[in-house]
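*Asks:*
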Amino acid sequence: QLQAVQFNGPSDVEMKAYTLTYRLLIQNNDSVSIFRLSESIQALPDFLPDKQRFGMVRDQLNAFLNTENEQTIAEKVFTRRSIMEVVIYGQLAHRNPEKKAIYDGWAKDERELASARSEFMWIIARVVYSSGYFLREACRGILKAYGIDYKDPLPLPL
Numbered sequence: 526q527l528q529a530v531q532f533n534g535p536s537d538v539e540m541k542a543y544t545l546t547y548r549l550l551i552q553n554n555d556s557v558s559i560f561r562l563s564e565s566i567q568a569l570p571d572f573l574p575d576k577q578r579f580g581m582v583r584d585q586l587n588a589f590l591n592t593e594n595e596q597t598i599a600e601k602v603f604t605r606r607s608i609m610e611v612v613i614y615g616q617l618a619h620r621n622p623e624k625k626a627i628y629d630g631w632a633k634d635e636r637e638l639a640s641a642r643s644e645f646m647w648i649i650a651r652v653v654y655s656s657g658y659f660l661r662e663a664c665r666g667i668l669k670a671y672g673i674d675y676k677d678p679l680p681l682p683l
């Protein structure tokens with residue numbers, strides 16, 4: 526029988542620091558959010574190549590977030606977006622009473638909390654990777670439109 530669970534990941538302080546920056550990418554009211562950047566790219570001249578690709582990356586990311594998680598937490602199935610929002614707004618930043626109640630329920634069981642936190646880390650890793658790809662491709666497309674062939678000094682990991 527399982528006696529204890531240990532979460533080997535970032536500390537709460539590290540998660541809070543990371544989340545504050547991460548929120549810039551996901552909150553549509555922020556000028557550097559994926560949504561706002563996508564709008565800005567779509568507003569650029571039509572001669573820019575592959576403008577639609579940027580919208581596709583955003584759409585794929587939203588589809589990923591709206592998909593149900595593969596494992597249950599506290600005997601319920603949550604979307605990845607829900608897990609992300611419960612951890613962010615239930616524990617890390619600008620607490621929402623409803624999300625805090627869900628998070629507190631997870632926190633009553635070490636296994637559930639460890640599961641939720643590991644899922645959260647995996648979800649935001651995927652969001653950050655997608656965001657990095659989005660930004661890199663946006664810059665590359667704009668440079669290419671102006672005749673600059675940009676080569677990455679280092680390939681993206683993953």
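By the numbering used here, the letter at position 68 of the sequence shown is numbered 593, and the numbering carries on one by one without gaps. In this text, a Cβ means the ideal position worked out from N, Cα and C, and glycines have one as well. From a predicted model like this one, the values you see are computed outputs, not experimental measurements.
(1) Secondary structure at Lys601, three-state DSSP: helix, strand or coil?
(2) Which residues in the same chain have their Cβ closer than 8 Å to the Cβ of Tyr675, if we skip the five residues on either side of it in sequence?
(3) Quick one: Cα of Ala568 to Cα of Ala639, how far?
(4) Closest by CA to Val653, which one among Ile598, Ile559, Asn533 and Gly630?
(5) Determine the direct distance from the alpha carbon of Leu550 to that of Glu593, and round the result to whole angstroms.
(6) In whole angstroms, give me the CA-to-CA distance for Glu595 and Arg651.
(7) Across which residues does DSSP place Glu593 in a beta bridge pair?
(8) Do you know offhand how far Asp555's Cα is from Phe659's?
(9) Give the DSSP-derived three-state secondary structure of Gln552 in the structure shown.
(10) Do Ser563 and Phe579 have their C-beta atoms within less than 7 Å of each other?
(11) Taking the CB atoms as reference points, tell me whether Trp631 and Glu637 lie closer together than 7 Å.
(12) Just curious, the alpha helix (DSSP H) that Tyr654 is in, first and last residue?
(13) Per DSSP, what kind of secondary structure is Asn587 in: helix, strand or coil?
(14) Just checking Val652 against the ligand MN - is the residue's beta carbon closer than 6 Å to any of the ligand's heavy atoms?
*Replies:* Quick answer:
(1) strand
(2) Cys664, Arg665, Leu668 and Lys669
(3) 43 Å
(4) Out of Ile598, Ile559, Asn533 and Gly630, the CA that lies nearest to the CA of Val653 is found in Ile559.
(5) Their Cα atoms are separated by approximately 21 Å.
(6) Linking Glu595 to Arg651 through their CA atoms gives a straight-line distance of about 15 Å.
(7) Thr604
(8) Distance between the alpha carbons of Asp555 and Phe659: 16 Å.
(9) coil
(10) Yes, the Cβ-Cβ distance between Ser563 and Phe579 is below 7 Å.
(11) Cβ atoms of Trp631 and Glu637: closer than 7 Å.
(12) From DSSP, the alpha helix (DSSP H) with Tyr654 extends over Glu635 to Ala670.
(13) helix
(14) The ligand MN is absent from the structure shown, which contains no ligand whatsoever.
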